[in-house]
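Report on the structure given below.
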Amino acid sequence: MTSSSAAIDSAIHLIRTYMALHPRSADTLEGVAQWWLDGQIPLDVTAAALAQLRAAGEMEHVDVGTRQLWRRHRSGD
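Structure (structure tokens):
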């Protein structure tokens, strides 16, 4: 499935809203799609949205064992 710009923009909005309510949240790509976005956004769109938020300095991913967790960007961690 191709990620449309409108779908990515929608996912970005939903992620920003979720992070405003839960600023210390962290989850895997699959967890973000399932829990933060209520399973309504496909994984490829969620991944593209997270990548754009990372490029903008709003989100970061950290490696925890073999998993990669996404969270709000924290300077100095």
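The numbering of the sequence shown is the numbering used here, which starts it at 1 and goes up by one. Each residue gets a CB set at the ideal place from its N, CA and C atoms; glycine is no exception. These numbers were taken from a predicted model, which means no experiment stands behind them.
Between the alpha carbons of Ala55 and Val45, how many angstroms are there, rounded? Here residue 55 refers to the residue found at position 55 of the sequence shown. Here residue 45 refers to the residue found at position 45 of the sequence shown. The alpha-carbon atoms of Ala55 and Val45 are separated by roughly 15 Å.
Under the three-state DSSP convention, the category Glu60 falls into: As a working note, residue 60 is residue 60 in the sequence shown. Annotated three-state conformation of Glu60 is strand, per DSSP.
Anticipated Cβ contact below 8 Å, Glu60 with Arg67, distance rounded: Numbered from 1 along the sequence shown, position 60 holds the residue referred to as residue 60. Numbered from 1 along the sequence shown, position 67 holds the residue referred to as residue 67. In fact, because the Cβ distance is near 14 Å, the residues do not count as touching under 8 Å.
8 Å CB neighbourhood of Leu37 in its chain, flanking five on each side removed: As a first step, residue 37 is located in the sequence shown; it is residue number 37 there, counting from the start. Closer than 8 Å at the Cβ level, and outside the excluded window around Leu37, lie Ala11, Leu14, Ile15, Tyr18, Thr46.
Boundaries (first-last residue) of the alpha helix (DSSP H) holding Arg16: In the sequence shown, the residue the question calls residue 16 occupies position 16. Segment 5-21, the alpha helix (DSSP H) holding Arg16.
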